[in-house]
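Working notes, structure below.
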Amino acid sequence: MKIDVLTLFPEMFDALNASLAGKAREKGLYSLNCHNIRDYSADKHKKCDDTPFGGGAGMVMTPQPIHDCIAAVDPEHKSLRIFMSPRGRVLNQSLVKELSEKDNLLILCGHYEGVDQRVLDMDIDMELSIGDYVLSGGEIPAMALIDSVLRYVPDVLGNCESTVDESFSQPLLEYPQYTRPQNFLGVEVPEVLISGHHANIKKWRHEKSLEITRKNRPDLLEDK
Ligand code: SAH
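Counting with the working numbering, you get residues 1 to 224 for the letters of the sequence shown.
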């Protein structure tokens with residue numbers, strides 16, 4: 001998988017050098033290229049934002065640098081071009097899985113009050129939100145998207161089972177997990193988990209999943 005990110009703050013993506021995304025990149029399982037939108041500004045001061053027509057607070061990102069950056073990075077429109085936006089379709093696990101099957105993703109990060117609508121209409125395929133709250137820029141949402149998508153890219157996760165049982169992979173949230181020590185500050189691991197009885201363990205985990213889903217996210221059960 002090849003991912004291109006268009007941003008005014010490419011240094012923020014250094015965070016993806018660590019952990020899962022960093023290891024995946026080292027192993028050559030995906031490539032990430034961050035492009036600084038400012039480098040494409042035709043303005044002599046490399047300006048990339050201006051005040052909104054019609055008035056209102058804040059600044060809006062101008063269309064020219066974004067349009068030229070997209071044209072340079074994806075001239076043949078081979079990538080699915082995504083704009084991170086609180087206005088977009090809300091990301092969920094089934095969409096993450098769908099996106100992980102694409103070979104090329106281009107992700108545009110907005111900043112300030114947003115982006116001139118014309119360049120979105122001209123160049124963007126879909127708008128994606130990471131939830132019903134507003135961040136100051138699209139960089140953290142883009143990193144959330146990249147991290148979640150990479151977990152489905154073959155060989156990125158050590159154990160290929162790991163996405164199967166997880167929260168949202170089924171309609172239920174994940175059951176509680178325990179590891180060593182068996183007794184931590186006087187609290188024992190649930191006995192069923194050390195019984196070695198696989199059918200009982202499976203049943204216990206399913207019951208716990210149901211209980212947690214009912215408590216925290218009853219809407220997931222209603223959807224079903
Ligand atoms: N005025 C805009 C918000 C701008 S926030 C509005 O009311 O819709 C600045 C940028 O941060 C956005 O252009 C977008 O790229 C990013 N952003 C903020 N919240 C986001 C979210 N929940 N999901 C995805 N991107 C988000």
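Ideal placement from N, C-alpha and C gives every residue a C-beta, glycine not left out.
In terms of side-chain proximity, the C-beta atom of residue 209 is found no nearer than 7 angstroms to any non-hydrogen atom of ligand 1. For residue 205, the CB contacts under 7 angstroms within the same chain, skipping 5 residues up- and downstream, are 175 in chain order.
Looking at the backbone, the Cα of residue 72 and that of residue 139 are separated by about 20 angstroms. Distance from residue 164 to residue 30 at the Cβ level is roughly 21 angstroms; contact not present, criterion being Cβ atoms closer than 8 angstroms. Per DSSP, the continuous alpha helix (DSSP H) segment holding residue 66 begins and ends at 63-73.
Between residue 127 and residue 60, the CB-CB gap reaches or exceeds 8 angstroms.
Residue 145 is positioned such that its CB atom lies closer than 8 angstroms to that of residue 107. For residue 7, the enclosing beta strand (DSSP E) has its first and last residue at 2-7. DSSP, read as helix, strand or coil, puts residue 188 in strand. Unbroken alpha helix (DSSP H) stretches of 4 residues or longer found wholly inside the stretch 115-156: 117-123 and 139-150, given in chain order. Counting the other CB atoms within 10 Å of its CB gives residue 179 a total below 16, which places it among the exposed residues. Residue 110: not part of any beta strand (DSSP E); DSSP gives it neither H nor E. Cβ-Cβ distances below 7 angstroms link residue 208 to 175 and 176 in the same chain, with the five nearest sequence neighbours on each side left out; the list follows chain order.
Between the stretch 39-56 and the stretch 79-98, the count of Cβ pairs shorter than 8 angstroms is below three; the stretches do not touch. Excluding its 5 nearest sequence neighbours in each direction, residue 148 has C-beta neighbours in its own chain below 6 angstroms: 96, listed in chain order. Proximity to residue 76 across 109, 52, 105 and 8 peaks at 105, based on C-alpha coordinates. Secondary structure note for residue 198: its alpha helix (DSSP H) is the uninterrupted segment 198-216.
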